[in-house]
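See below for the structure under consideration.
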Amino acid sequence: MEVARARISATLARLRAFERRTRPVQPEVREALEARWQELPEHVRTSGQMLGRKFTGCEGTHGVFPACNFGCRPCYHAANANRVPVDGAHTVAAVTEQMAYLRERRGPGQYAQLIGGEVSLLPPEAHAEALEVMRRHERFPMSFTHGDFDYEHLEQVAVRPDGTPRFDVLSFAVHIDSTMLGRRAVKRPRGEAQLHGERARFCAMFDRLERERGVRAHLAHNMTVTPANVGEVADVVRVCRELGFRVCSFQPAAQVGDVRRWETDDRSLSDDAVWAEVERGAGTRLPYNALQVGDTRCNRVTWGLWAGRRYVPVLDDADPRDLRARDAFLRMLPGNLLFAPRALAGARLLRALLSRPDEVPTVVSWAMRYVARLGPGLLRGVHPTTYVTHSFMDAAEVGPAWALLQQGVVADDPRIRAAQERLQACAYGMAHPELDQIVPACVQHSVLDARENAELIQLLPRPNRAGPHAHR
Ligand code: SF4
């Protein structure tokens with residue numbers, strides 16, 4: 029009798045655990061999302077807003093390895109960044125502190141960039157350890173790099189000394205464009221086409237890693253856009269599709285960071301002009317109002333699939349049926365399925381659908397329309413790609429906007445007020461546990477970086493006089 033009772037109670041405990049694990053959204057995630065939604069200013073609480081619905085925002089590290097060995101124009105790092113020694117122990121300790129704070133404030137299952145200076149200047153062990161720390165805090169980490177490193181560095185990050193893979197998937201965002209000076213193969217590029225070989229070389233390293241070590245990759249491509257290279261954006265979109273990048277992100281140049289590297293005409297490009305070129309490369313209109321990430325003056329995003337030679341966005345913001353499907357989707361499945369193994373993700377999706385049977389016809393009809401839009405290219409396989417523009421603001425606007433926000437004052441100047449609105453809706457935050465604050469990356473680069481670097485220069489031991497180039 030006792031044995032039977034024990035078995036029944038063990039079975040019930042397992043069922044309860046299963047029920048909790050397969051909930052479409054975990055209570056902790058729901059709480060973090062609701063808190064984020066409450067923080068958002070009214071003007072971005074739109075039907076398509078993803079912040080506070082699907083995730084709490086992108087995150088980035090700061091002050092963890094500020095130095096870089098390139099001389100880009102523009103460069104968003106502060107002028108004193110290269111005087112901060114690269115120190116793996118400091119990197120891991122600072123990443124741990126920042127991630128713990130983000131985990132507490134923003135909940136689990138968020139995207140975080142390992143960013144600051146140039147990540148490949150870290151010893152590979154420290155690079156790997158930082159990624160492990162981020163994962164332990166339930167972040168999906170992405171290493172942000174100029175990509176000018178060799179396969180050996182990548183392999184040592186991905187694989188332990190005993191030959192076992194450290195990660196099943198690695199995510200890297202590579203920044204390659206003609207504003208960047210110092211790449212070994214093309215020191216002073218005269219155009220984007222000269223860099224296509226480097227883009228291919230970067231992807232080939234990850235192909236080899238998967239082939240030889242079984243570690244898959246999720247790759248993003250970043251490009252700073254200026255009046256000088258905007259005409260080549262469409263070509264970069266085409267090349268990135270051929271190379272299989274999953275995210276293709278464009279940043280119109282801003283006047284932030286190292287003032288010695290600003291060009292006077294960098295600010296003459298509008299977001300519309302850059303987006304039009306991305307659309308030209310994708311060969312179709314890219315709707316960015318159906319799903320939004322923060323303020324559209326900062327971010328434009330289109331998710332979609334390449335089916336053969338056609339790119340098909342998942343939602344058409346001019347089709348009311350698609351917008352109804354979006355609303356149903358956001359109601360049914362708040363939060364995201366990052367870190368959930370496939371079977372668990374499937375179970376959560378199924379429960380989400382079953383919990384709102386009235387929404388199912390809307391979702392099914394969207395799925396049928398989408399398959400029809402993909403057309404016969406679907407038979408040749410699909411490739412998911414996300415197109416993004418992220419427009420950092422100029423330091424001249426961010427400084428006063430942030431200072432007034434800290435005093436609770438709304439600016440009279442419409443330009444500064446617009447910057448304040450964007451900062452309040454920021455989708456890309458950096459943790460400052462010592463201030464009990466998550467600050468927008470614009471503020472980090474415009475206001476805080478230089479001071480933080482000055483402190484690190486005093487704090488960190490200088491290992492040798494070779495500086496950040498020592499490992500090469
Ligand atoms: S970092 Fe700046 S440009 Fe980016 S989302 Fe935040 S406020 Fe907007």
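Using this note's numbering, the letters of the sequence shown correspond one by one to residues 29 to 500. Each residue gets a CB set at the ideal place from its N, CA and C atoms; glycine is no exception.
Look up residue i in the DSSP assignment and say whether it is helix, strand or coil.
i	result
G457	strand
E87	strand
A335	strand
A140	strand
S199	strand
A245	strand
Y415	strand
H497	A caution first: H497 carries a pLDDT of 43, below 50, which makes its placement in the model too unreliable to give a value.
Q435	coil
V471	helix
P428	helix
V253	strand
V306	helix
P217	coil
L314	coil
T50	coil
E183	helix
L223	helix
V410	strand
V284	coil
Assuming residue i and residue j make a contact with CB atoms under 8 Å, what is their CB distance in whole Å?
i	j	result
E305	V261	4 Å
G175	F230	4 Å
N257	S206	5 Å
A368	L130	No, A368 and L130 are not in contact; Cβ-Cβ is about 20 Å, not under 8 Å.
P136	V197	The Cβ separation is near 18 Å, so there is no contact.
W290	P102	5 Å
Y316	R236	Not really, about 35 Å apart at Cβ, beyond 8 Å.
V416	L406	With a Cβ gap of about 24 Å, V416 and L406 do not count as contacting.
T252	Q279	5 Å
T173	E146	6 Å
What residue from the options has the CA that sits closest to residue i's CA?
i	options	result
C268	Q448, T414 and L150	T414
H71	P193, N97 and C454	C454
D344	V284, R337 and W331	W331
L432	G374, E449 and S419	E449
S171	L149, G80 and G403	L149
G363	R33, A32 and P55	P55
W4	P348, R408 and E387	Examination of residue 4 is not possible in this model, given that the chain is present from 29 through 500 alone.
P52	Q486, Q452, G91 and R379	R379
H90	G259, L487, P491 and L476	L476
R419	V437, R359 and S298	Strictly speaking, residue 419 in this sequence is Ser, with Arg absent from that position. The option with the nearest alpha carbon to S419 is S298.
F98	V287, R212 and P389	R212
A353	L382, N327, G322 and V388	V388
R203	D355, H224 and Q126	In the sequence under discussion, the amino acid at residue 203 is His, which differs from the Arg named in the question. Minimum Cα distance to H203 is reached at H224.
A310	R445, N327 and V264	V264
Q77	V426, D323 and V392	D323
D115	A346, A95 and P404	A95
Taking its Cβ as the centre, do 16 or more other Cβ atoms sit within 10 Å of residue i, making it buried, or is it exposed?
i	result
Q434	exposed
D190	exposed
R500	Residue confidence is low: R500 scores 34 on pLDDT, short of 50, so the model does not pin down where it sits. Its coordinate-derived value is still stated next. Exposed is the call here.
A109	buried
T39	exposed
R337	exposed
D386	exposed
G85	buried
V340	buried
E47	exposed
I36	exposed
T74	exposed
P169	buried
E87	buried
M421	buried
E132	exposed
State the start and end residues of the unbroken beta strand (DSSP E) segment that holds residue i.
i	result
I466	Q465 to P468
V275	V275 to P280
R167	R167 to T173
Using 8 Å as the limit for Cβ to Cβ distance, is residue i near chain B?
i	result
E307	You won't find chain B in this structure, because it holds only one protein chain.
What is the residue span of the alpha helix (DSSP H) that residue i lies within?
i	result
T390	V388 to L402
C100	Here C100 belongs to no alpha helix (DSSP H), and DSSP marks it neither H nor E.
Q486	D477 to L487
M162	P152 to R164
M360	P348 to M360
I204	Counting along the chain, I204 falls outside any alpha helix (DSSP H), and DSSP gives it neither H nor E.
H71	Careful: H71 lies outside any alpha helix (DSSP H) and carries neither H nor E.
T119	G116 to R134
S383	R370 to S383
R490	Segment: none, R490 is in no alpha helix (DSSP H) and carries neither H nor E.
S446	In the sequence as presented, Ser is not what sits at residue 446; that position holds Ala. Where A446 is concerned, the enclosing alpha helix (DSSP H) stretches over P442 to Q452.
C326	Taken as a continuous stretch (DSSP letters only), C326 belongs to no alpha helix (DSSP H), as it is neither H nor E.
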